[in-house]
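Chains as they are written, first to last, in this note's numbering: chain Y, 7 to 192; chain R, 527 to 907.
Notes to accompany the following structure.
So, in structure tokens, the structure goes:
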């Protein structure tokens, strides 16, 4: 079975398909690059904190995608590493303050998981500044905006993730194309 | 999948006469898993693509190769499952990765490359190594990642790595230990991701070739299998001599001076990659026998019949795997041994995980060490 050893050069159509909207927007604003940040937030505090920031109309940088989980304790290393694998430039993990966890000790678990993640990220040679753990309560809309602004600036300083440039390879390896999916189904 | 015809030919699946010995032998099937090697062989022969892709048990196989040994028709089942996973991967079928796929992500990131790993912190000052050029290359494998990822089980696979370098130094060798080494790609290949595997293979083969090494010494049984068998098509020119650390030590036994005190009973877990995949049974036993005061007690199933640690490719951790691990640890305890020696970091990770069971803990606990670690500890100062 001859496996294809070389990646085909991306054609014009392929390039158009995967065109990154955030880069396009950055170009439109005249800046060259905006980071892509993944924010994991717990349902009870941090996500609500983001909501507070939103409804209070506190301005903050919009270069993050938020993923809500029930508790920060759920955020295992696999989640964060997957984000980096897929080319995230930074990952922020957030949850309730100590003592405020909806599940009593979930955020203590989050710290354990985060330490493991940090060790693996360090081994891989990614800058430690790309990964951060923050406690944000539902009332702390201002703080949410501050953390996001600070972290976005920090990641912007670090530049694009070294893994992001070659993102295509890893996404090809594990994402099913639409044509393939259709084939499997039928 | 037109390739199924080729696969049936190269793996001798066509020769299957449907006796079912493979399924009767399969450790997973024996503890009640809904898994049958025979089913995959038959589906291949019937070119039944849908059955292979969607029956949901493609990743239940431990790839331990026990059925290969028992098959009267000499069907290469382990090779077959590797090919089927590769074909299925192209259709988007992936294993339910344990640990949230974290280890797969780590391996794929290494395949992508672009970062300088910090993988050398384990080297203590007393160990002499070269960063680039030398006649002997020591392949560390991913032990540092395991130790960082499994602190809850007190996984200490790096002790075996340190011991191996110490022993090489003792034998007058200054091995090359490279900071640019990447995952060997073993698990990705066995998960079906050939593309990532190939980019890792090319990088690693070039790394070792550029070092000018004539000998490559490997500690991890899985890396050894990958280097010896799966990297073959990637070598340009003369490949280095590839050896397991216990093979290298066995060749130099007379040069090692051991302490003579102490008396310990040790049992040995044959890693599936080292034993059945590569046929290396004697070298680790030779090393254990060489140490004065070590008595080797074999488990009920050992050598070619040894039971696998049930988690080879980070793709099949379930209650059946756990049952196998617990059973194996009970076997080890039944020998009356104080120490369970092994030659693969994965065996260590999986047995330590099983020992964490709060309901069984005391019953199956046993000291777990790498063979190199035991040898290094037994050296006279």
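C-beta: ideal position from N, C-alpha, C; glycine also.
This one's a predicted model, so the numbers in the text were calculated from it and none came from an experiment.
#1: Give me the subset of the stretch 632-643 of chain R whose CB atoms are less than 9 Å from a CB atom of chain Y, sorted by chain position.
#2: Alpha carbon to alpha carbon, how far is residue 683 of chain R from residue 562 of chain R?
#3: Check for me: the alpha helix (DSSP H) holding residue 671 of chain R runs from which residue to which?
#4: For a cutoff of 8 Å on Cβ pairs, would you count residue 670 of chain R as touching chain Y?
#5: With a Cβ-Cβ cutoff of 8 Å, do residue 836 of chain R and residue 851 of chain R count as a contact?
#6: Terminal residues of the continuous alpha helix (DSSP H) containing residue 857 of chain R?
#7: For the beta strand (DSSP E) containing residue 821 of chain R, name the first residue and the last one.
#8: If you pair each beta-carbon of the stretch 803-822 of chain R with each one of the stretch 885-902 of chain R, do three or more pairs fall below 8 Å?
#9: Buried or exposed, going by whether 16 or more other CB atoms sit within 10 Å of the CB of residue 740 of chain R?
#10: So who's on the other strand from residue 784 of chain R, going by DSSP bridges?
#11: What does the Cβ neighbour count give for residue 38 of chain Y, buried or exposed, with the cut at 16 atoms within 10 Å?
#12: Shorter than 8 Å from the beta carbon of residue 91 of chain Y to some beta carbon of chain R?
#13: Figure out for me which residue from Y:53, Y:136, Y:147 has the closest Cα to the Cα of residue 170 of chain Y.
#14: Check each candidate in R:542, R:558, R:685 and name the one with the smallest Cα separation from residue 571 of chain R.
#15: Of all the residues that make up the stretch 118-143 of chain Y, which are near chain R by a beta-carbon distance shorter than 7 Å?
#16: Indicate whether at least one CB of chain R lies closer than 8 Å to the CB of residue 82 of chain Y.
#17: What's the gap between the Cα of residue 569 of chain R and the Cα of residue 78 of chain Y?
#18: How would you write the range of the beta strand (DSSP E) that residue 770 of chain R sits in, first residue to last?
#19: Taking buried to mean at least 16 other C-beta atoms within 10 Å of its own C-beta, is residue 48 of chain Y buried or exposed?
#20: Measuring straight from C-alpha to C-alpha, what distance separates residue 564 of chain R and residue 847 of chain R?
#21: Could you give the first and the last residue of the continuous beta strand (DSSP E) run that contains residue 549 of chain R?
#22: Is it the case that the Cβ atoms of residue 692 of chain R and residue 880 of chain R are separated by a distance below 8 Å?
#23: Give a yes or no on whether the minimum CB-CB distance between residue 41 of chain Y and chain R is below 8 Å.
#24: Can you grab the Cα-Cα spacing for the pair residue 600 of chain R / residue 609 of chain R, in whole Å?
#25: Output the boundary residues of the alpha helix (DSSP H) element that contains residue 158 of chain Y.
#26: Exposed or buried, which one is residue 566 of chain R when buried takes at least 16 other CB atoms within 10 Å?
#27: List the residues of chain A whose Cβ lies closer than 7 Å to the Cβ of residue 87 of chain Y, in chain order.
#28: Can you look up residue 111 of chain Y in the DSSP assignment and give me helix, strand or coil?
#29: Establish whether the CB of residue 166 of chain Y and some CB of chain R are separated by less than 8 Å.
#30: Going by Cα to Cα distance, which pick from Y:156, Y:167, Y:142, Y:123 is closest to residue 57 of chain Y?
#31: Can you tell which of R:596, R:597, R:554 has the C-alpha that lies nearest to the C-alpha of residue 585 of chain R?
#32: Using DSSP's beta-bridge definition, name the partner residues of residue 99 of chain Y.
#33: Should residue 941 of chain R be flagged as near chain Y, meaning a C-beta pair shorter than 8 Å?
#34: Measure how close the beta-carbons of residue 613 of chain R and residue 573 of chain R come, nearest whole angstrom, since I'm counting them as under 8 Å.
#35: Should the stretch 753-760 of chain R be regarded as contacting the stretch 881-894 of chain R, the criterion being three or more beta carbon pairs within less than 8 Å?
#36: How would you list, in chain order, the residues of chain Y whose beta-carbon sits under 7 Å from the beta-carbon of residue 645 of chain R?
Here's the rundown:
#1: Within the stretch 632-643 of chain R, 632, 634, 635, 636, 637, 638, 639, 640, 641, 642, 643 place their CB atoms closer than 9 Å to a CB of chain Y, listed in sequence order.
#2: Roughly 33 Å between the two C-alpha positions.
#3: That run of the alpha helix (DSSP H) goes 669-675.
#4: In terms of beta-carbon proximity, residue 670 of chain R lines the interface with chain Y, with at least one pair separated by less than 8 Å.
#5: The criterion of a C-beta distance shorter than 8 Å is satisfied by residue 836 of chain R and residue 851 of chain R.
#6: Boundaries of the alpha helix (DSSP H) around residue 857 of chain R: 845-860.
#7: Where residue 821 of chain R is concerned, the enclosing beta strand (DSSP E) stretches over 820-822.
#8: A contact exists between the stretch 803-822 of chain R and the stretch 885-902 of chain R.
#9: Exposed, because fewer than 16 other Cβ atoms sit within 10 Å of the Cβ of residue 740 of chain R.
#10: R:905.
#11: Exposed, because fewer than 16 other Cβ atoms sit within 10 Å of the Cβ of residue 38 of chain Y.
#12: Taking Cβ atoms only, chain R reaches closer than 8 Å to residue 91 of chain Y, which makes this a yes.
#13: In this structure, Y:136 is the residue among Y:53, Y:136, Y:147 with its C-alpha nearest to the C-alpha of residue 170 of chain Y.
#14: If we check each option's Cα against that of residue 571 of chain R, R:542 comes out closest.
#15: Answer set for the stretch 118-143 of chain Y: 122, 125, 126, 128, 129, 130, 131, 132.
#16: The C-beta of residue 82 of chain Y comes closer than 8 Å to at least one C-beta of chain R.
#17: Residue 569 of chain R and residue 78 of chain Y have their C-alpha atoms some 44 Å from each other.
#18: Unbroken beta strand (DSSP E) run through residue 770 of chain R: 767-770.
#19: Using a 10 angstroms sphere on the CB of residue 48 of chain Y, the tally of other CB atoms reaches 16 or more, which defines it as buried.
#20: If you take the alpha carbons of residue 564 of chain R and residue 847 of chain R, they lie about 20 Å apart.
#21: Looking at the DSSP string, residue 549 of chain R is not in any beta strand (DSSP E); the run it does join, the alpha helix (DSSP H), is 547-551.
#22: Contact flag unset, no.
#23: Cβ-Cβ to chain R under 8 Å: no for residue 41 of chain Y.
#24: Residue 600 of chain R and residue 609 of chain R have their C-alpha atoms spaced approximately 17 Å apart.
#25: For residue 158 of chain Y, the uninterrupted alpha helix (DSSP H) segment begins and ends at 147-164.
#26: Per the 10 Å Cβ criterion, buried.
#27: Judged by its chain identifiers, the structure shown contains no chain A, and its protein chains are Y and R.
#28: Looking at residue 111 of chain Y - three-state DSSP - the assignment turns out to be coil, as it is neither helix nor strand.
#29: Answer no: the Cβ-Cβ gap between residue 166 of chain Y and chain R never drops below 8 Å.
#30: In terms of Cα proximity to residue 57 of chain Y, the closest of Y:156, Y:167, Y:142, Y:123 is Y:142.
#31: Looking at the Cα atoms, R:554 is the closest of the given residues.
#32: Bridge partners of residue 99 of chain Y: Y:46, Y:139.
#33: As shown, chain R starts at 527 and ends at 907. That puts residue 941 of chain R outside it, with no answer to give.
#34: Contact doesn't hold; Cβ gap of about 11 Å is too wide.
#35: Cβ pair count under 8 Å is below three, so no.
#36: In chain order, 129 make up the part of chain Y whose C-beta sits under 7 Å from the C-beta of residue 645 of chain R.
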